[in-house]
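K.L.:
Dropping the structure in here first, questions after.
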Amino acid sequence: MGLTVAQLAERLGAELVGDGSGQINAVGPIETAGKNEVTFISDDKHIAALEKSGAGAVIAASRTEGFAGPQLLVKNVDSALIEALNIFAPKLKVPPTGIDPTAKIGRDVKIAAGVSVGPVVVIDDGVEIGENSIIAAGCKIGQNSKLGKNCRLDSNVVVYHNCTIGNNVVIQANTTIGSTGFGYSFIDGSHKLIPHNGVVVIEDYVEIGANCCVDRAKFGETRIGAGTKIDNLVQIAHNVVIGKCCLLAGMVGISGSCKLGDGVVLAGQVGLADNIEIGDGVIVGAQSGLFRNVAAGQQLFGYPAIDKREMMRVIGLTRRLPKLIERLKQLTVRIESIEAAENDKK
Amino acid sequence: MGLTVAQLAERLGAELVGDGSGQINAVGPIETAGKNEVTFISDDKHIAALEKSGAGAVIAASRTEGFAGPQLLVKNVDSALIEALNIFAPKLKVPPTGIDPTAKIGRDVKIAAGVSVGPVVVIDDGVEIGENSIIAAGCKIGQNSKLGKNCRLDSNVVVYHNCTIGNNVVIQANTTIGSTGFGYSFIDGSHKLIPHNGVVVIEDYVEIGANCCVDRAKFGETRIGAGTKIDNLVQIAHNVVIGKCCLLAGMVGISGSCKLGDGVVLAGQVGLADNIEIGDGVIVGAQSGLFRNVAAGQQLFGYPAIDKREMMRVIGLTRRLPKLIERLKQLTVRIESIEAAENDKK
Amino acid sequence: MGLTVAQLAERLGAELVGDGSGQINAVGPIETAGKNEVTFISDDKHIAALEKSGAGAVIAASRTEGFAGPQLLVKNVDSALIEALNIFAPKLKVPPTGIDPTAKIGRDVKIAAGVSVGPVVVIDDGVEIGENSIIAAGCKIGQNSKLGKNCRLDSNVVVYHNCTIGNNVVIQANTTIGSTGFGYSFIDGSHKLIPHNGVVVIEDYVEIGANCCVDRAKFGETRIGAGTKIDNLVQIAHNVVIGKCCLLAGMVGISGSCKLGDGVVLAGQVGLADNIEIGDGVIVGAQSGLFRNVAAGQQLFGYPAIDKREMMRVIGLTRRLPKLIERLKQLTVRIESIEAAENDKK
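Residue numbers (our numbering), protein chains in the order written: chain U, 1 to 346; chain P, 347 to 692; chain S, 693 to 1038.
Take a look at the structure:
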């Protein structure tokens, strides 16, 4: 799949500066892109690298004098990059529409037009799947769960019973949706499971990575808001409610009944204690541990997490503790010297 | 599935205070329960919320004057709640007894009466499964592994060879039992795997969440004690021995050859270095990192973890470091002033 | 499977000191090994335990006077231990060569001699699998992915399209290779996925534990260097490049575009922020969080991680903060006393 630089410019709606005759077959990073690759610059700090780049063309917001090759000027580099990546995406066979003969489909299942159900998929009674959704090989969907249209469940995803998944949702391989949460009462000398009658609701345009877990609610629902994106190996406990357009990076753990507002960003390995509320737009740095409610707009860091700037200062000071103690010793010596002088006078 | 309040009281063995004629269809939380839902109160701090609740009835240990609806008085609210949740659990089709025709069963396999083996399950030679156990779709059980009765393996669980699982054990979807542990010797310039001849033993009434890993032992066994409950995405390394009735929350990681006593509670994302011993009843706060043995009954927190109360004090003081340094500066100024005065006198 | 001590000595190429007539059936740890088990001693600190051991024989580098049983003296105890564990490994039926009839194989698939493809495996178009590799039950291999020879994919492993796996690679159950990474651009009010055109390359002799995730690159490749070993529940993000012979313990998380040199060791639950470079031979303690580049040979610890020895000192001092503040108070009192005396003189 190749395009000339001029053809690519046209596809991207870009202004072409320079020679449009070169051949482009792929997108590549500034450092390694060759003459048949288009690269991109989304931050001025990469200008020096761009000037040395061997890329056959660059997608940019404005012209860089030092880059000799052709430049494709666009309003939104991110958007044009996505388009270019789509143009040069590896060609893959589309999963065939219809139900693979090795799939096992229960009673009262409604499968809409254009759906692809892959090999050895198991779909239980009462399930509904909307138009054009793709259920890859090895998935299991429990009783009465409902998927919207244009969804994609990758291989070996497990969705338990009574879950609701919206439209345009992507769930990657080996992820589990609707498992029973970790709720026990200690009665008569042993931990008794609290039955989980509740459900999971995943709204439109949510994307969930591989090997994640989303537990169903004890009662009511665990809910993931529209447009929220979740990385791999993330844990969402029972009765958690996540707002819209949040970003949860890899290995984040959210304990039971937490409530996240819209646009919350949790970096990798962040953990939230149970029952806390996180306001809209909160940003939490990697590996932080949250034990309290957080007001909207805060930036947090640390274990336990506090205001990020304050935490950076505290961390800096702890690392100066050896010097601090040295200063304390010196002060003590000076005081002793003054005291001794006082005593001498007496 | 509905009951009148009076019928529900009878089922729960509760003393009914108030009108028993209302209809109850579900359990709901205090804040959102409607007139056809029963709620519960397990802590006096929720009394204010209960007084405002629109629930059709409440399960409680003692009467709350401010709640106008009918009250179901019981000795143990937790226990009655579990019973109520079971009564109103969503009705699901029970997995059919017998072996699905798409399952693949090896030689010398013993499957007891009442067992359900789901679609595309693979059971290797020499496996034994006890009465009434349910092996859901897509599970793989390795050679010679033995499951007790009343177990439930959810979809896509993998159990390797020679593992022993007791009675009434639940393992949720996508969990792996009996994988080879992370044990290497560096010989002649490369890491050579130490063969794992050992096994995994999971005792009665253990419950393990989704997407967990329990490694087999190098020699001897990895063991999880009776009644221990394990949340999602938990890692149990080779040769770990866990006592009875422990609680391991989500994303806990236990390194090789650790020994946990009975009743140990590890909160989310806690990590244990290898070869440490944790006494009975130890409670460890979220995200803590343990590098040393811990005596029975301790409460720990922090990274590295120490006594919880001490750690809270240390954390509080580190956050006062900016003020501390300010005080140190002021003291220095005062000493300089004294020294200057002394010098003036000379 | 038993051997006499003399036979075992011969198999291990060991010098036999003592009686060779005893029967050995297994390897056991010093503390619990019985008379039909051989144990081993790899560190002098275990000599006292060895002297009390009931083992039927010991593998050792040099003679221990206090141990009464036969001793098998070898140059490399680690190497002999591995050999002994292999000798006494539990006997398992080898997976049959050939393609199970329930496997589903796409077009233009090349499967070499000696390969075993298990039940309900799904292999897409254009896949190639090298000699003697074992694809266990339930695996899914995406279009055009290539595996070398002598590989072992355990049950339910998912490999997406266009991935390249070398020779002698082991991937344990429920692991996901080649999932789309967590890369989004915020455009017009929502997070848009950056297409992941890149691939995953796993070099020879890499071993990956259970329930791990290795994301494919946005462009170019995610690469795991030859001989690197990875524990369970590890996350490797898009465009990460890992060198040769690294060790990544359980629950390690490596963010996008990180570069690790050769021989890097990351202990359990360590996290790396994106785009950082870790030099050859760096060793990072458990639960550490890395946010900056690290030069070769460093030993790091902490959150955020710094030089390990410095961090241990800082941690020690933070825990002395209560005493430090006490000292500061005392100094203040002494200064006040001096100041008061000065004032009296005026």
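For glycine and all other residues, C-beta sits at the position ideal for the given N, C-alpha and C. Quantities reported herein were computed from a predicted structural model and do not represent experimental measurements.
Indicate whether at least one CB of chain P lies closer than 8 Å to the CB of S:A902.
P.N.:
It does; some Cβ of chain P falls within 8 Å.
K.L.:
Within 10 Å of its beta-carbon, does P:F532 have 16 or more other beta-carbons around it, so buried, or fewer, so exposed?
P.N.:
So P:F532 counts as exposed.
K.L.:
Do P:L674 and U:L317 have their beta-carbon atoms positioned less than 8 Å apart in this structure?
P.N.:
Not a contact, by the Cβ cut-off of 8 Å.
K.L.:
Please confirm whether U:G28 and U:V5 have their CB atoms less than 8 Å apart.
P.N.:
In this structure, U:V5 does not lie closer than 8 Å to U:G28 by Cβ.
K.L.:
Note the first and the last residue of the continuous beta strand (DSSP E) segment covering P:G648.
P.N.:
Where P:G648 is concerned, the enclosing beta strand (DSSP E) stretches over 645 to 648.
K.L.:
Under the three-state reduction of DSSP, which class applies to U:A161: helix, strand or coil?
P.N.:
The question names Ala, but residue 161 of chain U is His in the sequence shown. Coil, per DSSP.
K.L.:
Starting from S:D896, find everything on chain P with Cβ-Cβ shorter than 8 Å and list it in chain order.
P.N.:
Within chain P, no residue comes near S:D896; the closest Cβ sits about 11 Å away, beyond 8 Å.
K.L.:
S:N778 touches chain P at which residues, Cβ-Cβ below 7 Å?
P.N.:
Within 7 Å Cβ-Cβ: P541.
K.L.:
Which residues of chain P have a Cβ atom closer than 7 Å to the Cβ of U:R292, listed in chain order?
P.N.:
Neighbours of U:R292 on chain P: none; closest Cβ ~12 Å, over 7 Å.
K.L.:
When the cut-off is 8 Å and only beta carbons count, does U:A286 lie next to chain S?
P.N.:
True, the Cβ-Cβ gap to chain S drops below 8 Å.
K.L.:
According to a CB-to-CB cut-off of less than 9 Å, which residues of the segment 157 to 168 of chain U neighbour chain S?
P.N.:
Result list empty, no residue passes.
K.L.:
So what's S:G882 in DSSP terms, helix, strand or just coil?
P.N.:
Just to set this straight, residue 882 of chain S is Ser in the shown sequence, not Gly. DSSP places S:S882 in strand when its eight states are reduced to three.
K.L.:
So if DSSP puts P:L612 in a beta bridge, which residue, or which two residues, is it bridged to?
P.N.:
Note: P:L612 sits in a beta bridge opposite P:L594, P:V630.
K.L.:
For S:D1036, name the three-state secondary structure that DSSP assigns.
P.N.:
In the structure shown, S:D1036 sits in a helix (DSSP, three-state: H, G or I).
K.L.:
Taking 8 Å as the threshold (C-beta atoms), are P:I671 and U:L290 in contact?
P.N.:
Going by C-beta atoms, U:L290 is not nearer than 8 Å to P:I671.
K.L.:
Under 8 Å, CB to CB, which of the residues in the segment 927 to 957 of chain S have a partner in chain U?
P.N.:
Per Cβ criterion, the list reads Q927, A929, M943, G945, S947.
K.L.:
Got a sec, what are the start and stop residues for the beta strand (DSSP E) U:I177 sits in?
P.N.:
Taken as a continuous stretch (DSSP letters only), the beta strand (DSSP E) holding U:I177 covers 176 to 179.
K.L.:
Please state if the CB of S:V956 and the CB of S:V898 are separated by a distance shorter than 8 Å.
P.N.:
Their beta carbons are not under 8 Å apart, which means S:V898 does not touch S:V956 by this criterion.
K.L.:
Which residues does DSSP pair with P:C559 in a beta bridge?
P.N.:
Answer is P:T522, P:Q581, bridged to P:C559.
K.L.:
When you compare the CB positions of S:K936 and U:A137, do they come within less than 8 Å of one another, or not?
P.N.:
No; because the gap between Cβ atoms is not below 8 Å, this pair is not in contact.
K.L.:
Would you please verify whether the beta carbon of U:V314 is less than 8 Å from any beta carbon of chain P?
P.N.:
Judged by the 8 Å Cβ criterion, U:V314 is in contact with chain P.
K.L.:
If I'm right that U:P90 touches S:N889 with Cβ under 8 Å, what's the distance once you round it to whole angstroms?
P.N.:
Between S:N889 and U:P90 the Cβ distance is about 6 Å, and since that is below 8 Å, they are a contact.
K.L.:
Three-state secondary structure (DSSP) at U:I335?
P.N.:
DSSP places U:I335 in helix when its eight states are reduced to three.
K.L.:
Taking the alpha-carbon positions, what's the P:A430 to P:K421 distance?
P.N.:
When rounded, the distance between both Cα atoms is 14 Å.
K.L.:
Can you tell me where the alpha helix (DSSP H) holding S:E1002 begins and where it ends?
P.N.:
Run containing S:E1002: 1000 to 1011, per the alpha helix (DSSP H) assignment.
K.L.:
Once the 5 residues before and after S:A725 are set aside, which same chain residues still bring their CB inside 7 Å of it?
P.N.:
Answer for S:A725: T731, S745, G746, A747, listed in chain order.
K.L.:
Listed from N- to C-terminal order along the chain, which residues in the segment 457 to 472 of chain P have their beta-carbon within a distance smaller than 8 Å of any beta-carbon of chain S?
P.N.:
Against chain S - using a Cβ distance shorter than 8 Å - the residues of the segment 457 to 472 of chain P are V466, V468, D470, D471.
K.L.:
Looking at the secondary structure, which residues open and close the beta strand (DSSP E) in which U:R107 lies?
P.N.:
Taken as a continuous stretch (DSSP letters only), U:R107 belongs to no beta strand (DSSP E), as it is neither H nor E.
K.L.:
Return the chain-ordered list of same chain residues with a C-beta closer than 7 Å to the C-beta of P:G634, the five sequence neighbours on each side being excluded.
P.N.:
Checking the sequence, you will find Ser at residue 634 of chain P rather than Gly. Only V616, L646, F647, G648, Y649, A651 meet the Cβ criterion.
K.L.:
Residues of chain P with CB closer than 8 Å to the CB of U:S185, please, in chain order.
P.N.:
Near U:S185 (Cβ distances below 8 Å), the residues of chain P are D424, S425, L427, I428.
K.L.:
How should U:Q330 be labelled, buried or exposed, when 16 other C-beta atoms within 10 angstroms of its C-beta is the threshold for buried?
P.N.:
Exposed: under 16 other Cβ atoms inside 10 Å.
K.L.:
Considering only the alpha carbon of each residue, which of U:G69, U:A341, U:N132, U:K229 lies closest to S:F874?
P.N.:
Taking only the C-alpha atoms, the option nearest S:F874 is U:K229.
K.L.:
S:N842 versus chain P: which residues are under 7 Å apart at the beta carbon?
P.N.:
Chain P residues near S:N842: none, gap ~14 Å exceeds 7 Å.
K.L.:
Would you kindly report the start and end of the unbroken beta strand (DSSP E) that includes P:V638?
P.N.:
The question names Val, but residue 638 of chain P is Arg in the sequence shown. Per DSSP, P:R638 belongs to no beta strand (DSSP E) and is neither H nor E.
K.L.:
Is it buried or exposed for P:R409, if we count other Cβ within 10 angstroms and need 16 for buried?
P.N.:
P:R409 comes out exposed.
K.L.:
Which one of U:G227, U:L72, U:G98, U:R313 has the shortest CA to CA distance from U:N167?
P.N.:
The shortest Cα separation from U:N167 among U:G227, U:L72, U:G98, U:R313 belongs to U:G227.
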